[in-house]
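Engineer: Handing you a structure now.
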Amino acid sequence: MDKKDLEESRARAREARKAINSGRIGDSYHSGRYTGAGSPKAQTAVEKKKDPAFLKTIITLLAVALVLGAVALWLILGSNEEIFVEKNVPDKAVGTPVNEAGLEIHYLDVGQGSCTLIKCDDEAMLIDGGPDAKGTFVQKYLNDQGIKKLKYLVGSHYDADHVGGLDVVIYKFDCETVFFPDYLRNDTKASRDIADVLKEKSLTPVHPVVCDSYKLGGGFFSFIGPLDGPLGTGSRDQNEYSLSLIFYYGDKSFIFTGDAPESSENEMLSGGSNLKADVYLAGHHGSSSSSSEAFLEAVKPDAAVISCGKDNDYGHPHDSVLKRFEKRGIKVYRTDLNGTVILRSDGKNIEFSTER
Ligand SMILES: [Zn+2]
34 MDKKDLEESR ARAREARKAI NSGRIGDSYH SGRYTGAGSP KAQTAVEKKK
84 DPAFLKTIIT LLAVALVLGA VALWLILGSN EEIFVEKNVP DKAVGTPVNE
134 AGLEIHYLDV GQGSCTLIKC DDEAMLIDGG PDAKGTFVQK YLNDQGIKKL
184 KYLVGSHYDA DHVGGLDVVI YKFDCETVFF PDYLRNDTKA SRDIADVLKE
234 KSLTPVHPVV CDSYKLGGGF FSFIGPLDGP LGTGSRDQNE YSLSLIFYYG
284 DKSFIFTGDA PESSENEMLS GGSNLKADVY LAGHHGSSSS SSEAFLEAVK
334 PDAAVISCGK DNDYGHPHDS VLKRFEKRGI KVYRTDLNGT VILRSDGKNI
384 EFSTER
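According to the numbering used here, the residues represented by the sequence shown are 34 to 389, in order.
Structure, rendered in structure tokens:
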């Protein structure tokens with residue numbers, strides 16, 4: 034799916050919604066009532082005219098009209114996939130942003146680790162869940178945000194600073210689709226906890242491949258990595274198999290690469306995906322092993338968010354990376370200095386706010 038398809042899809046959604054609101058299509062789709070004989074109009078007809086033949090004709094005509102209306106609605110909405118998949122959703126939830134901004138991305142301050150909440154229109158997804166000790170913090174944050182359900186949950190890779198807190202989230206929230214790399218580790222507590230909770234909640238993880246795309250509200254995201262999996266028994270580090278994606282909303286885009294190092298960035302560069310993004314969650318917490326010059330040249334971000342703990346043991350972010358950002362005029366936000374970083378976008382502009 035490309036952006037043009039999505040734009041067309043959105044335009045059709047807007048038209049359909051306008052038609053619903055103006056009464057041109059009627060509310061039968063929303064209420065789920067397709068029984069012509071029981072409709073208020075049919076009852077009125079019964080009261081006006083008791084003639085059984087006439088009544089039968091009226092009911093038949095109404096039924097035919099309703100079926101034709103349903104078919105027309107199906108033809109209009111059929112290609113819009115998930116936007117209209119939900120049954121009997123409240124009118125405001127159909128393909129229209131319910132808040133002014135449309136998109137919010139919360140880069141949570143989880144100390145040394147990474148956890149990003151994306152709220153798009155009326156739907157939400159989470160990329161990583163921070164370390165084990167932050168599981169309940171993430172749970173409370175999601176509760177405070179009014180999140181009841183995560184349409185998607187992405188575990189970029191099995192390092193504890195990314196999936197440590199995810200078991201709590203998966204346990205406490207309704208997660209529709211969960212993404213994990215196509216191998217399962219069982220040699221760490223974090224990865225064993227994930228395996229346990231997936232089993233308990235009867236969730237089968239999806240292992241995405243590059244170009245797999247999914248809708249969230251009026252936005253969508255496409256996986257851009259990893260390109261060379263699975264981990265198998267090779268000598269490569271699991272960071273190199275970080276699930277990486279770009280989220281698109283209107284004219285704006287946001288890139289997430291987990292702890293993917295330069296070797297993986299090079300694969301993404303040679304993989305053919307357009308990596309341009311307005312905001313970059315700095316790979317591997319701003320480590321010098323990521324954010325190569327070539328990668329930054331392709332992404333060309335206006336802003337970078339670095340998710341790292343204050344005075345962490347790894348020296349993240351590394352000075353060399355901060356210098357690369359500075360040289361390119363990339364505005365930097367850091368969770369260790371700024372706390373949780375929130376951006377809001379209407380698809381045309383992006384506004385940042387920070388906890389401190
Ligand atoms: Zn990490």
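Backbone N, C-alpha and C fix where the C-beta goes; we use that ideal spot for every residue, glycine too.
Less than 8 Å separating the Cβ of D165 from some heavy atom of ligand 1?
Structural biologist: no
Engineer: Would you kindly work out how many angstroms separate the C-alpha atoms of L370 and H349, rounded to a whole number?
Structural biologist: 12 Å
Engineer: What whole-angstrom Cβ distance do L159 and V202 have, given they're in contact under 8 Å?
Structural biologist: About 6 Å separates the beta carbon of L159 from that of V202, a gap short enough to meet the 8 Å contact definition.
Engineer: Going straight from the alpha carbon of K364 to that of S235, what length do you get?
Structural biologist: Computed Cα separation, rounded: 42 Å.
Engineer: Could you round the C-beta distance between H190 and S275 to whole angstroms and report it? I think they count as a contact, below 8 Å.
Structural biologist: 5 Å
Engineer: Hey, out of Y366, N382, K381, S378, whose CA is closest to E388's CA?
Structural biologist: The candidate whose alpha carbon is nearest that of E388 is Y366.
Engineer: Got a sec: does ligand 1 put a non-hydrogen atom nearer than 8 Å to the Cβ of H188?
Structural biologist: Before going on, a small fix: residue 188 reads as Gly here, not His. No.
Engineer: Use the C-beta contact count for T169: other C-beta atoms within 10 angstroms, 16 or more gives buried, fewer gives exposed.
Structural biologist: With fewer than 16 Cβ atoms within 10 Å of its Cβ, T169 is classed as exposed.
Engineer: Return the CA-CA distance between G362 and A331, expressed in angstroms with no decimal places.
Structural biologist: 15 Å
Engineer: Tell me, to the nearest whole angstrom, how far the beta carbon of L314 is from that of T149; I am working on the premise that it is less than 8 Å.
Structural biologist: 7 Å
Engineer: Using the rule of at least 16 other Cβ atoms within 10 Å of the residue's Cβ for burial, across every protein chain shown, is N219 buried or exposed?
Structural biologist: Label assigned to N219: exposed.
Engineer: Buried or exposed for S378, please, with buried defined as at least 16 other CB atoms from any protein chain shown within 10 angstroms of its CB.
Structural biologist: buried
Engineer: Please go through the stretch 310 to 342 and give each complete alpha helix (DSSP H) segment of 4 or more residues, from N-terminal end onward.
Structural biologist: 326 to 332
Engineer: Under the rule that 16 or more other beta-carbon atoms within 10 Å means buried, what is S303, buried or exposed?
Structural biologist: exposed
Engineer: Does the structure place the stretch 252 to 261 close enough to the stretch 276 to 284 that three or more beta carbon pairs sit under 8 Å?
Structural biologist: yes
Engineer: Quick check on the DSSP output: what are the complete alpha helix (DSSP H) runs of length 4 or more inside the stretch 134 to 221, in order along the chain?
Structural biologist: 168 to 177, 193 to 196, 199 to 205
Engineer: Would D165 and S147 qualify as a contact pair, given that the criterion is a beta-carbon distance under 9 Å?
Structural biologist: no
Engineer: Could you give the first and the last residue of the continuous beta strand (DSSP E) run that contains K248?
Structural biologist: Secondary structure note for K248: its beta strand (DSSP E) is the uninterrupted segment 246 to 249.
Engineer: Say yes only if the C-beta of G319 is nearer than 8 Å to one or more non-hydrogen atoms of ligand 1, and no if none qualify.
Structural biologist: no
Engineer: Within 8 Å: the Cβ of D192 and any heavy atom of ligand 1?
Structural biologist: yes
Engineer: Between which two residues does the alpha helix (DSSP H) containing R361 stretch?
Structural biologist: Run containing R361: none; DSSP gives neither H nor E here.
Engineer: Roughly how many angstroms lie between the CA atoms of Y216 and L136, to the nearest whole one?
Structural biologist: 32 Å
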